[in-house]
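Here is the structure we will look at.
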Amino acid sequence: FNKSVILHMKLTALLLTALCTQAWADALSQHVTLYERNASLEQVLHSIRRQSGYQLIYNSDYVLDTKPVFIRLRNATVHEALDKALAGQPLTYEIEDNTILIDRLYPSLLAEASPRARAQRVIRGRVTDPSGMAIEGVSVLEKGTTNGTATDSQGDFSITVQNESSVLVFRLIGFVTQEIAASANSFNVTLLSDETAIDEVVVVGYGTQRKVNLTGAVTQIGGEELEGRPITRVSQALQGMVGNLNITSTTAGGAPNATQSINIRGSSVFGTAGGPLIVIDGIQGGSINNLNADDIESISVVKDAASAAIYGSSAPYGVILVTTKQGKKGAKPYITYSNNLQWAAPINLPKMVNSLDFANLFNEAAANAGRGNIYSEATLQRIRDYQAGTFMDETVQNGFPDNLTDGWASWGGGNANNDWFDIYYKDVAYSQQHNLGVRGGSENSQYYVGLGYNDRNGMYNFGDDSYQRFNVRANLGTDISEWLTFNFRSSMSRELFDTPNTYSGKTGGNYMHQIARKWPTVPLFNPDGLYSDASDVRLHLEGGRNKQVTDNAVLTGEFNLRLAEGWTASANYTFNGTFWKQDFHTRTVYAYRPSGAQYIMTGDPNGYHRGSDRTQYQVVNAFTQYEKSIDGHYFSLLGGYVSDLREYETYTASNSQLYSDNIPSLATAYGTSPSVNDAARTLATQGFFGRINYNFNEKCLLELNGRYDATSRFLTDVRWKFYPGVSAGWNVDKESFFEGIKPTVSAFKLRGSYGSLGDQAFLDGDSPNWYPFYPSLGTSRPTSTNWLFGGAQQAAVSPPGLVNPDLTWVTTTQLNLGADLGFFSNRLLTTFDWYIRKAEDFATTGAALPALLGTGVPVENNAGTETRGFELSLAWRAAAGNITYGVRGILSDYRGKVTAFANNPVNNTDTYYVGREQGEIWGYTTVGLFQNEAEIERAASQERLSGAQWKPGDVHYADINGDGIIDWGNNTLENPGDRRIIGNSTPRFAYSLTGDVQWKGFDASIFLQGIGKRDVWIGSNYFWGINGDEWQSSVFDVHLDRWTPETPNGYFPRYYLNGEMGKNMNAQTRYLQNAAYLRIKNLQVGYSLPKTLLNSIKFDKVRLYVSIENLATFTKLIKTMDPELSISDAKIYPLQRFYSFGINVGF
């Protein structure tokens, strides 16, 4: 960083030190930290007295029969500590002049005998959260008295009040305190979460922190925010929920088994996506793709390097911390059930033109290319007759019985009128989700068990495709003794994916491309009533299946020890195993000619392929933490060790010539060229980590993180590396000078962090290199070599390439500056973060070596990137009468550039170069389309782009450098010819807006999400339609808007049905697409049954809702494409609009 940044950091640190010193001198001991398990109430009260310095007055008889206390508070106020300690106890308290008075909860018998008592009434009711979940331990106090009670495990309370003018005060840490007039004999109360975030606990690495003390860039969302969405993967629900958590569709698009690509604060890496570390219940290395959203309690997204430093080289690009639901000690079993029934319809499918327009345009393009007609006049007339209803068949017999061709006319000889997207995709597909959960506990144990079933039917109309997932989770905990607890967590999932093999191939195919280039004149049915060969329907129905099964099991055993007051230790072991297998069967498919003769359409020979992967991940964590609060000074020390081992095995085998398609197996295949392959690799890492937290009266905050990591991927000399992180914060609103503006600005925190992290995953990819320091020999089978010995081909071994013994970690550093503000009693909350992340020592190909070396050049740590961005969030929540409502908006942005790259000394623009911005698009500036020969003669020469004759309707490129010639120069930064940077494909200014409202049991919410700026360049037939010869081209309705002498203002250029079309398809400004969009992602309306009815049927909550996913999209992108899928050539499984109905039940 430059000197000015360092100077500002020093001044900030000096200011914080001065403020903390002043605050230290003025402080009073009014905060306590408690970690007690099964402690007596008297013991807890005296701990509060010692730490706070307050006097304590109570009658010892009052605490004789009280319940044991389980309490866990960090740096809490005295009020918070007493509320928690006395929850569920028959006692209440008052504080006057630094003196705590403990009294019985109910009035004495003498008061009951007084005349005043005759006016008393019994008030009964139930307290719940906004979702209808009962809240236990809520303090219910008659205002102005010591008369009070607490809600039980069902949220119920009963209290005797003095008279009708009494007011009840409902108070619990984490919820907004409410005061309600006791005018009715019974009523129910809904407590809203305390949006001030002062008491919110945020999950961070190896523990939790109160948000008020948080100094890093960490965003947490609750599991309830994922409810009601018809999602298959949790990542789908996270899109737009967190600033700069970027969720994008992969090439699988909207397929039922599709996963999403995830990165935090942008991708800044060479060759990899820079995905975040996934940590589930404190264990790293999990997958978010097979999680059941209903099992999730919360998700924290760690963005800055200082907060992630405790994970070291595992988290160079952020962390996603998932906490699953746990049981509750002493609680009765609480059962929840939810379902979601879905109807899906594809969106943004291209619309094919009718067959007559298609035939005419193909003939026009063929003529422009100097070719003859594709469709004869006789065929054109038959097309007209078919559309007029005077000719009934989609095709005719092609020559039979005149012994010319025993077949049916197709392609240019057919006369059908088919839109193959409508034919191949269903109008509606039905899917369903079901979840069942049970949580509770006894005096010394707790449990949560969750079951999930997700059944997703795909959109393929022929052969069907489907995805199913089964989830089982059990989280158990028990107190072995007062100082030792044991937790056991387990989760298992099974995923089933089944599709016709013609749709996807073994690893994913070009199905959408095959649809796009199928002509509308191709018949679906022959006159004999059978599916036509060219339609490929029979292939999909009878050609065999591609079946995949993925099993995952995660088992964790954990011991937690309480060594002394404030001192704990934990150790756990986790086994995470994923087992995948594939059965791929290619069947022989038969078809029939007009004569009735049978022939093999495909699958000759038939065959069978089997694949299997096994991934095992084992990790051991051991760490200890000590916390202490002395006169307002809070300290926390954490230190630990982690070791993990990854083992991976894979094999594939295939053979052809099955004895029977009814018994697909390797054992029943007799082909003479079987194929067998396998691979195995192992990776081990270990590290030591630590964290120090300090705050003074929650005003001045400091955190230090560090990790010392090693990996088996590198040689001993470069194997270990230390990654530090530091963050600091200042809660300005805690200062005395801030009191005057607190009615307006109720919370104000400044924070900053700086940290360093490592990356070894840059060596991952399609073929991960887990042993980069070992030379690897190349091998060839006899059938694939050109070496002849003894008259026969022989197996061969090729020499290995060079390796780099100095290859080491990529190092990322990140500076983060942020602010958190609350306004109007924190009804309005805002958070802002700005960051700059640098990554150095990416491995790319080294400098060129002499060709006589005879082998490849090794990779070197010689490249770097820089990413800058920001995140802004605003949230407003309020109530008006019976209406509660909220609005939340998020805006984020990032830009990345290359800061070092040693393998491009001439600054070629087709690859990385120093200063290159991530996503930049180079192209020509378009003047327009030539309208006549005179314009072509006056224009700069375009012969270097194409030697073909330029004609009216062709693209007119601008002569940017003024040399009279349109070309690309020598394709370097110094001489790019007439090419310039014309756009950028990086998604910029990602935004979302969420609104919700509740009224008398009704609720509604809307979620909007979009991208503010993005350019895409598409060179495929999805955009251009005709983009070469007839076999790779398409014609959709948008392509009719093209240049002809009669339509000189057409959008697309003159079409050529051959390679000459390429001269008009150079990247250029005219056809650069704007992929910015706004999508109504979800609209949901629900109704919760009233409490009076629920009480009568013994239910705690029943909510019914309807939801629409992907309701509408607003974009300027060409309508043949979806802006969320505008990657590659856009030929991707379409997204769907989901109409769903669901129910949430709790009892």
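If you're matching positions, the sequence shown starts at 11 in the numbering used here and goes up one per residue.
Using N, Cα and C, we set each Cβ at its ideal position, and we do this for glycine too.
Fair warning: this is a prediction, and the values are worked out from it, not measured in the lab.
Give the straight-line distance between the Cα atoms of Asp314 and Gly233, rounded to the nearest whole angstrom. Approximately 23 Å between the Cα atoms of the pair.
Under the rule that 16 or more other beta-carbon atoms within 10 Å means buried, what is Phe368, buried or exposed? The residue is buried, with at least 16 neighbouring Cβ atoms inside 10 Å.
State the Cα-Cα distance for the pair Ser50 and Val79, rounded to the nearest angstrom. Between the alpha carbons of Ser50 and Val79 lies a distance of about 6 Å.
Leaving out five residues before and five after Leu1093 in sequence, what residues of the same chain have Cβ atoms less than 6 Å from its Cβ? Closer than 6 Å at Cβ, skipping near neighbours: Ile1016, Ile1118, Leu1121.
Can you tell me whether Ser452 is buried or exposed? The criterion is at least 16 other CB atoms within 10 Å of its CB, across all chains shown. Within a 10 Å sphere around the beta-carbon of Ser452 sit fewer than 16 other beta-carbons, which makes this residue exposed.
For Thr389, the first and last residue of its enclosing alpha helix (DSSP H): Per DSSP, Thr389 is one residue of the alpha helix (DSSP H) stretching across 387–398.
Strictly by DSSP, which residues pair up with Ala1000? Ala1000 is bridged to Ser902, Ile1021.
Contact check, Tyr934 vs Asn1076, beta carbons under 7 Å: Result yes, Cβ atoms of Tyr934 and Asn1076 sit closer than 7 Å.
Would you say Tyr321 touches the ligand MG, meaning its beta carbon is less than 6 Å from a heavy atom? Although the ligand MG was asked about, the structure shown includes no ligands whatsoever.
Contiguous alpha helix (DSSP H) assignments of at least 4 residues, all confined to the segment 1010–1077: Here the runs fully enclosed are 1031–1034.
Would you verify that the beta carbon of Phe431 is, or is not, closer than 7 Å to some beta carbon of chain D? In the displayed structure, chain D is absent; only one protein chain is listed.
Are Asn918 and Asn981 closer than 7 Å when you measure CB to CB? Yes, Cβ-Cβ distance for Asn918 and Asn981 is below 7 Å.
Looking only at its chain, what residues have a beta carbon closer than 6 Å to the beta carbon of Tyr669, apart from the 5 residues adjacent to it on each side? Close CB contacts of Tyr669 within its chain, under the 6 Å cut and outside five residues either way in sequence, are with Thr678 (chain order).
Please classify Lys759: does DSSP put it in a helix, a strand, or coil? In the three-state reduction of the DSSP assignment, Lys759 falls in the strand class, which pools E and B.
Could you give the first and the last residue of the continuous beta strand (DSSP E) run that contains Asp843? Going by DSSP, Asp843 is part of the beta strand (DSSP E) stretching over 838–855.
Could you please give me the residues that DSSP links to Phe498 through a beta bridge? In DSSP, Phe498 forms a bridge with Leu486, Gly567.
Just mark Gly974 as buried or exposed, buried being the case when its beta carbon has 16 or more other beta carbons within 10 Å. That one is exposed.
Check whether Val179 and Glu189 have beta carbons under 7 Å apart: Yes, Cβ-Cβ distance for Val179 and Glu189 is below 7 Å.
By a C-beta neighbour count over all protein chains shown, 10 Å radius and 16 as the cutoff for buried, is Arg82 buried or exposed? Counting Cβ neighbours within 10 Å, Arg82 comes out exposed, since fewer than 16 surround it.
Closest by C-alpha distance to Phe880, when choosing among Ala829, Trp493, Tyr600: Measuring C-alpha to C-alpha distances from Phe880 to each of Ala829, Trp493, Tyr600 identifies Ala829 as the nearest.
Can you grab the Cα-Cα spacing for the pair Cys710 / Lys759, in whole Å? A straight line joining the alpha-carbon of Cys710 with that of Lys759 spans about 10 Å.
Would you check if the segment 717–732 and the segment 687–704 touch, i.e. whether three or more CB-CB distances between them fall below 8 Å? Yes: the two stretches touch, three or more of their Cβ pairs being nearer than 8 Å.
Proximity of Ser763 and Asn826 at Cβ, strictly below 7 Å: Cβ distance < 7 Å, so Ser763 and Asn826 count as in contact.
Own chain, CB closer than 6 Å to Thr894, minus 5 neighbours either side, in chain order: Closer than 6 Å at the Cβ level, and outside the excluded window around Thr894, lie Gln1008.
Assign Gly1158 to one of three DSSP states: helix, strand, or coil. Summary: the structure shown does not reach residue 1158, with the chain confined to residues 11 through 1157, and so no result is reported for it.
Alpha carbon to alpha carbon, what distance is there between Leu712 and His643? Distance between the alpha carbons of His643 and Leu712: 11 Å.
Gly613 to Thr258 span [Cα, whole Å]: Their backbone Cα atoms lie some 36 Å apart in a straight line.
Hey, Glu659 and Ala690 are a contact pair by Cβ (cut 8 Å); roughly how many whole angstroms apart? Contact flag correct, Cβ pair sits at about 5 Å.
Below 8 Å, how does it come out for the segment 284–291 and the segment 1010–1030: are there three or more Cβ pairs, yes or no? Taking a cut-off of 8 Å for Cβ pairs, the segment 284–291 and the segment 1010–1030 do not touch, as fewer than three such pairs fall below it.
Taking 8 Å as the limit between beta carbons, can you name the residues of its chain near Gly518, skipping five residues before and five after? With a pLDDT of only 47 at Gly518, under the threshold of 50, the placement of this residue in the model should not be trusted; the figure read from the coordinates follows. Around Gly518: Thr261, Ala262.
Exposure label - Lys1108; buried when at least 16 CB within 10 Å: Classification for Lys1108: exposed.
Specify the secondary structure class of Val222 as computed by DSSP and reduced to three states. Of the three classes helix, strand and coil, the one that applies to Val222 here is helix, per DSSP.
Out of Asp162, Ile112, Arg466, state which residue places its alpha-carbon closest to the alpha-carbon of Gly135. Out of Asp162, Ile112, Arg466, Asp162 has the C-alpha closest to the C-alpha of Gly135.
Drop a sphere of 10 angstroms on the beta-carbon of Phe724, count the other beta-carbons inside from all chains shown, and report buried for 16 or more, exposed for fewer. With 16 or more Cβ atoms within 10 Å of its Cβ, Phe724 is classed as buried.
Short check: CB of Asp305 to CB of Thr334, under 7 Å? Yes.
May I ask which residues mark the beginning and end of the alpha helix (DSSP H) holding Leu549? Counted as a single uninterrupted DSSP element, the alpha helix (DSSP H) harbouring Leu549 occupies residues 547–552.
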